[in-house]
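Numbering follows my numbering, with no gaps: position 122 of the sequence shown is 106.
Read through the structure below, which is laid out as structure tokens, and then see the notes.
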Amino acid sequence: MAEPIVLVEDLVYEYPTKRALHSVSCQIEHGSITALVGPNGAGKTTFLRCLAALDNPFSGQITINGLKTQNHPRDVHRQIGYLSDLFGIYDELTVQRCLYHAAAIHQIPAAQIPDHVAKSAERLGLETRLQETAGTLSRGLRQRLAIAQTIIHDPVLLLLDEPASGLDPEARQSLSELMLSLRDDGMTLLVSSHILAELEDYSSHMLIIDNGHIIEHSMLHTSTSGAQDYDTSPEAVPLRICLACPDERLHQVLSAIPGIEAVEGDFQEVTVLFQGEVGQRHEIIRHLVESCVPVIAFQEQKASLQEAYLQKLKVSRRTVAAHPGGQG
Ligand code: ATP
-15 MAEPIVLVED LVYEYPTKRA LHSVSCQIEH GSITALVGPN GAGKTTFLRC LAALDNPFSG
45 QITINGLKTQ NHPRDVHRQI GYLSDLFGIY DELTVQRCLY HAAAIHQIPA AQIPDHVAKS
105 AERLGLETRL QETAGTLSRG LRQRLAIAQT IIHDPVLLLL DEPASGLDPE ARQSLSELML
165 SLRDDGMTLL VSSHILAELE DYSSHMLIID NGHIIEHSML HTSTSGAQDY DTSPEAVPLR
225 ICLACPDERL HQVLSAIPGI EAVEGDFQEV TVLFQGEVGQ RHEIIRHLVE SCVPVIAFQE
285 QKASLQEAYL QKLKVSRRTV AAHPGGQG
């Protein structure tokens, strides 16, 4: 199996007055786009800064593309692009000068800088703006310029802290497309944001941090309809069933079907929780049809990223309340 691009082992980070990360462990695979989510103050920025080899862990270790951040911070910087939540841009410089400056900071040889600048500007759709002054750009274009600077040295891993904050819906949409195209160019992305609907458009994985602990790290599936689907397995899957007209036998028929754990709803529209393989779902339809129940719709209920996130947070907090001290 391929080495993960990010390996975090028992990472602890402390500010003078606060432990911000408690023994965090996780790994991120090449080519993934991971949504890093969590409430304010959860530890997302601290986590990203540790991964970016900008802050040294109190204990534990981080390996980025085979390099330990504590031992080789400069080499790690060459592998990654990090966009801070409060990034700055030289407003007086043209877009082109900003990109030249970023390339020089990354010690790209002078002869190669024009190529890097052109490629980065093209990736971000800034090629017609090179002579504009950065200070005159709109918020969305400034964000693009900041990302263009971040990828000027062709990093393999991109760490973006709140890249969509302050963007209008159109700019956010175009940022989503950009994330996918950077992934297609071979980059792995870790993106923190509070706007879950936007993360849902492009993320392959979700990492939830709460109070300095990772409470969930899971893959988001793309269903046949193309919609993202939160991986609820091994829990039961909610299925929605609709009838052409009410049928008083509905609950009784459903409850008798193996694998159905709960039935909620009236006599015409219900949600059932089904524990079983996808291939076994046709048994439910077969039972309904054989019982002459007039079924007209049958589909899996997709949990949105937001719903899944809030649900995980609720469960985690309930567990912590029930077992205080269980989390380090
Ligand atoms: P947000 O979503 O609000 O940006 P976050 O998840 O990025 O929050 P962090 O900024 O990583 O959270 O902060 C994690 C915890 O560490 C918070 O409790 C915060 O108050 C604390 N913290 C952050 N920076 C410092 C600092 N310089 N000194 C002391 N405590 C800090």
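We put the beta carbon where it would ideally sit given N, CA and C, even for glycine.
Legend entry - First and last residue of the uninterrupted alpha helix (DSSP H) at I17: Here I17 belongs to no alpha helix (DSSP H); instead the beta strand (DSSP E) covers 17 to 21.
Inset, instruction - Enumerate in chain order the residues of its own chain whose CB-to-CB distance from I92 is below 8 Å, with the five nearest sequence positions on each side excluded. - result: H100, I136, H137
Legend entry - Contact set for A26: own chain, Cβ-Cβ below 6 Å, skip 5 residues either direction: I193, D194
Inset, instruction - Please indicate yes or no: does the CB of N24 lie closer than 7 Å to some heavy atom of ligand 1? - result: yes
Inset, instruction - Would you give the residue range spanned by the beta strand (DSSP E) that Y74 belongs to? - result: Segment: none, Y74 is in no beta strand (DSSP E) and carries neither H nor E.
Legend entry - Residue range of the alpha helix (DSSP H) that includes S165: 153 to 168
Legend entry - Length-filtered (4 minimum) alpha helix (DSSP H) runs lying within the stretch 177 to 251: 180 to 186, 234 to 239
Inset, instruction - Would you identify the three-state DSSP class for Q115, choosing helix, strand or coil? - result: coil
Legend entry - Among S176, L162, H307, Y186, the one whose alpha carbon lies nearest that of G22: S176
Legend entry - Minimum C-alpha distance to A130 - residue among L70, S187, Y(-1): L70
Inset, instruction - Verify whether the separation of the beta carbon atoms of T29 and D145 is less than 8 Å. - result: yes
Inset, instruction - Please classify H137: does DSSP put it in a helix, a strand, or coil? - result: coil
Inset, instruction - Pull up the distance between the alpha-carbon of G150 and that of S158, whole angstroms please. - result: 14 Å
Legend entry - contact_flag[the stretch 252 to 270, the stretch 288 to 301] where n(CB pairs < 8 Å) is 3 or more: no
Inset, instruction - Please state whether DSSP places P41 in a helix, a strand or coil. - result: coil
Legend entry - Three-state secondary structure (DSSP) of I64: strand
Inset, instruction - Using DSSP bridges, identify the partner residues of A281. - result: C226
Inset, instruction - Would you identify the three-state DSSP class for D145, choosing helix, strand or coil? - result: strand
Legend entry - Whether S160 touches E182 by CB criterion (8 Å): yes
Legend entry - Y214 versus A220 - alpha carbon distance: Residue confidence is low: Y214 scores 48 on pLDDT, short of 50, so the model does not pin down where it sits. No coordinate-derived value is stated.
Legend entry - Cβ separation of A345 and R126, assumed to be a contact under 8 Å, to the nearest whole Å: This structure leaves residue 345 out entirely; the chain is present only between -15 and 312.
Legend entry - Other residues of its chain near R128: CB distance less than 7 Å, five sequence neighbours each side excluded: L108, G109, L110
Legend entry - Expected contact under 8 Å - CB spacing of E232 and F251 to nearest Å: 6 Å
Legend entry - For Y(-3): DSSP bridge partner residues: L5
Inset, instruction - Count the other CB atoms, across all protein chains shown, that sit within 10 Å of the CB of Y84; report buried if there are 16 or more and exposed otherwise. - result: buried
Legend entry - DSSP bridge partner residues for E13 (one or two, in chain order): In DSSP, E13 forms no bridge with anything.
Inset, instruction - Locate the alpha helix (DSSP H) running through D29, then write down its first and last residues. - result: Note that residue 29 is Thr in the sequence shown here, rather than Asp. 28 to 35 is the span of the alpha helix (DSSP H), which, as asked, contains T29.
Legend entry - Outcome for N49 when other beta-carbon atoms lying within 10 angstroms are tallied against a minimum of 16: buried
Legend entry - Cβ shell of G249 (< 7 Å), same chain only, five flanking positions each side left out: T255
Legend entry - Chain-order list of residues whose beta-carbon lies under 7 Å from that of Y186 (same chain, five-residue window excluded): I17, S160, M163, L164
Inset, instruction - Could you say which of R3, S288, S43 lies nearest to L204 if we only look at CA atoms? - result: S288
Inset, instruction - Taking the CB atoms as reference points, tell me whether E(-7) and G44 lie closer together than 8 Å. - result: yes
Inset, instruction - State yes or no: is the C-beta of L143 within less than 8 Å of the C-beta of A36? - result: yes
Legend entry - Y66 beta carbon near ligand 3 (any heavy atom closer than 7 Å): The model depicted lacks ligand 3 and carries ligand 1 instead.
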